[in-house]
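*Asks:*
Following this line, the structure appears as structure tokens:
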């Protein structure tokens, strides 16, 4: 186990400022959840970070699992080692298969091997999700911003970016250019990409086609709007990297052209008229008139757009969308005796995700709303002093996934980020 002495001392100082014993214990458990239970340092210097109660490493989850450690990379060499090692391993995985969402620690052929798709012994699951290719770039940029360490933008980074751009461009014209297929015969058809893994009809919109959402559920329509928004964010990041940090005019130009095409598609097809809330962002579209009005707690989501850096929290179109997401008009917004917030079709009806409630707080500057969200998650943890996945709104003792490092990490990040709005919970 890495010692991370400097970070542990700083967190000890932070813990001493929290008034309430349960909040203090919950923060400590959640903060160290990733480091103490899900990190394996490999002999080659890379870091394998699995998701918690499943042994595989998701590109999305692993990125989100270390986000709260970034403030310590300058002062703590062990923390820097973990994050740099994990980024390098993520880049390796993407070059192996840019369509996979989760990977094995070794080429041991574990995971979903009954799926109809192209197989690789390193791959646990091959569900193509746009965010899987976005999160490692998002993390690398955040790491560079915190540390000033440009060594991560070396040859492996550049080669991986080429793979990402090629994949995005291919999936702009999925049915004509892509050979990707994914289907799980033992599951009901709606759990896999439509048309036995090939995808339903879509128009060419400039956006990137996606088989699955960040919940690992199949998309109803081919163009997942929050994922395309996340792609716009990371394509802007890549332009900055290849213009100002490690200049490469060719890659910068490719990123810019792709970003502009996707953004134009979002504006043309992803902004829709809702009968109650006016102009809002759709969750999914097909470019042929099909629109899915919903949001899911998994990130990227419509709720999370300011967190991702796509827009400001006070943006009018985002605010319209946010009001929709946090209302009964969203079919996956649930309210019960103990809990209210955004859930997911990935879990049973009337189960709200702690990630959804925390993201509501992270995208708000209203102290009342932020404190209410904290009270909701703290009162529905079944006294485990940890975050869960989904929680029954009428019975907090009923929940999914007792050990879910992504949710734990996001809670720790929330407390560190929103401390000024949670001042009543801290010593003066």
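In the working numbering, the protein residues as written are 307 to 734.
Think of the CB as a built atom: it goes at the ideal place given N, C-alpha and C, for glycine as much as any other residue.
Nearest to residue 473 by CA position, among 451, 353, 517 and 664, is which residue?
*Replies:* The residue given as residue 473 occupies position 167 in the chain shown. Residue 517 is the option with its Cα nearest to residue 473.
*Asks:* Please report the Cβ distance between residue 606 and residue 594, rounded to the nearest whole angstrom; I am assuming they are in contact, meaning their Cβ atoms lie under 8 Å.
*Replies:* The sequence position of residue 606 within the chain shown is 300, counting from 1. The sequence position of residue 594 within the chain shown is 288, counting from 1. The pair is not a contact, with the Cβ atoms about 23 Å apart (cut-off 8 Å).
*Asks:* Give the DSSP bridge partners of residue 646, in chain order.
*Replies:* In the chain shown, counting from the first residue as 1, residue 646 sits at position 340. For residue 646, which the question treats as bridged, DSSP gives the partners 641.
*Asks:* Report yes if the C-beta distance between residue 591 and residue 645 is below 9 Å; otherwise report no.
*Replies:* Working through the chain shown from its first residue, we reach residue 591 at position 285. Working through the chain shown from its first residue, we reach residue 645 at position 339. Cβ atoms of residue 591 and residue 645: not closer than 9 Å.
*Asks:* For residue 337 and residue 408, what's the separation of their Cα atoms in angstroms?
*Replies:* Counting from 1 along the chain shown, the entry for residue 337 is found at position 31. Counting from 1 along the chain shown, the entry for residue 408 is found at position 102. Rounded to whole angstroms, residue 337 to residue 408 spans 23 Å at the Cα level.
*Asks:* Which whole-angstrom value is the C-beta distance of residue 374 and residue 718, which I expect to be below 8 Å?
*Replies:* Counted from its first residue, the chain shown places residue 374 at position 68. Counted from its first residue, the chain shown places residue 718 at position 412. Their Cβ separation, rounded to whole angstroms, is 5 Å, which keeps residue 374 and residue 718 in contact under 8 Å.
*Asks:* On the three-state DSSP scale, how would you describe residue 389?
*Replies:* If you number the chain shown from 1, residue 389 lands on position 83. Helix, per DSSP.
*Asks:* Nearest to residue 541 by CA position, among 631, 561 and 334, is which residue?
*Replies:* Position 235 of the chain shown, counted from the first residue, corresponds to residue 541. Per the Cα distances, 561.
*Asks:* Does the region 403 to 419 come close enough to the region 374 to 388 to have 3 or more Cβ pairs within less than 8 Å?
*Replies:* As far as the Cβ criterion goes, the region 403 to 419 does not touch the region 374 to 388, which means the pair count is below three.
*Asks:* Using a Cβ-Cβ cut-off of 7 Å (strictly less than) and excluding sequence neighbours within five positions of residue 419, which residues of its own chain qualify?
*Replies:* Here residue 419 is taken as the residue at index 113 of the chain shown, counted from 1. The residues are 425.
*Asks:* Scan the region 424 to 509 and note each continuous beta strand (DSSP E) run of 3 residues or more that stays entirely inside, going in chain order.
*Replies:* 429 to 431
*Asks:* Between residue 449 and residue 550, what straight-line distance do the alpha-carbon atoms span, to the nearest angstrom?
*Replies:* Start at 1 with the first residue of the chain shown, and residue 449 comes out as number 143. Start at 1 with the first residue of the chain shown, and residue 550 comes out as number 244. Between residue 449 and residue 550, the C-alpha separation is close to 16 Å.
*Asks:* Classify residue 715: buried if its beta carbon has 16 or more other beta carbons within 10 angstroms, exposed otherwise.
*Replies:* For the purposes of this step, residue 715 is taken as residue 409 along the chain shown, with counting starting at 1. Residue 715 is buried by the Cβ-count criterion.
*Asks:* Can you give the Cα-Cα distance for residue 417 and residue 431, rounded to whole angstroms?
*Replies:* For the purposes of this step, residue 417 is taken as the residue at position 111 of the chain shown. For the purposes of this step, residue 431 is taken as the residue at position 125 of the chain shown. Approximately 6 Å, taken between the alpha carbons.
*Asks:* Among residues of its own chain, excluding the 5 on either side of residue 367, which ones have a beta-carbon nearer than 6 Å to its beta-carbon?
*Replies:* Taking the first residue of the chain shown as position 1, residue 367 is located at position 61. Result list for residue 367: 357 and 712, in chain order.
*Asks:* How many angstroms separate the CA atom of residue 554 from the CA atom of residue 322?
*Replies:* Sequence index remark: in the chain shown, residue 554 carries index 248 (1-based). Sequence index remark: in the chain shown, residue 322 carries index 16 (1-based). Roughly 47 Å between the two C-alpha positions.
*Asks:* Looking at residue 659: is its Cβ nearer than 9 Å to the Cβ of residue 604?
*Replies:* For this step, residue 659 is matched to residue 353 along the chain shown. For this step, residue 604 is matched to residue 298 along the chain shown. Yes, the pair counts as a contact, with Cβ atoms nearer than the cut-off.
*Asks:* To the nearest angstrom, how far is the alpha carbon of residue 506 from that of residue 733?
*Replies:* Against the chain shown, residue 506 aligns to sequence position 200. Against the chain shown, residue 733 aligns to sequence position 427. When rounded, the distance between both Cα atoms is 56 Å.
*Asks:* Going along the chain, which residues of its own chain have a beta-carbon closer than 6 Å to the beta-carbon of residue 347, five neighbours each way excluded?
*Replies:* As a first step, residue 347 must be located in the chain shown, where it is residue number 41. In the same chain as residue 347, and ignoring 5 residues on each side of it, the C-beta atoms closer than 6 Å to its own belong to 353, in chain order.
*Asks:* Taking Cβ positions, are residue 427 and residue 447 nearer each other than 9 Å?
*Replies:* Here residue 427 is taken as the residue at index 121 of the chain shown, counted from 1. Here residue 447 is taken as the residue at index 141 of the chain shown, counted from 1. Their beta carbons are not under 9 Å apart, which means residue 427 does not touch residue 447 by this criterion.
*Asks:* Out of 668, 636 and 647, point me to the one whose CA is closest to residue 695's CA.
*Replies:* Here residue 695 corresponds to residue number 389 of the chain shown, with the count starting at 1. Selected option, being the one with the closest Cα: 647.
*Asks:* If I follow the unbroken alpha helix (DSSP H) through residue 518, where does it start and stop?
*Replies:* Counting from 1 along the chain shown, the entry for residue 518 is found at position 212. Taken as a continuous stretch (DSSP letters only), residue 518 belongs to no alpha helix (DSSP H), as it is neither H nor E.
*Asks:* Whole angstroms is fine: what's the gap from residue 455's alpha carbon to residue 726's?
*Replies:* Here the question's residue 455 lines up with position 149 in the chain shown. Here the question's residue 726 lines up with position 420 in the chain shown. If I take the Cα positions, the gap works out to 29 Å.
*Asks:* Residue 530 bridges to which residues according to DSSP?
*Replies:* By one-based count along the chain shown, residue 530 stands at place 224. DSSP lists 590 as partners of residue 530.
*Asks:* Can you name the start and end residues of the alpha helix (DSSP H) that residue 714 belongs to?
*Replies:* Here residue 714 corresponds to residue number 408 of the chain shown, with the count starting at 1. That run of the alpha helix (DSSP H) goes 711 to 723.
*Asks:* Can the beta-carbon of residue 458 be found less than 9 Å from the beta-carbon of residue 400?
*Replies:* Counting from one through the chain shown, the residue named residue 458 turns up at place 152. Counting from one through the chain shown, the residue named residue 400 turns up at place 94. The answer is no: Cβ separation not under 9 Å.
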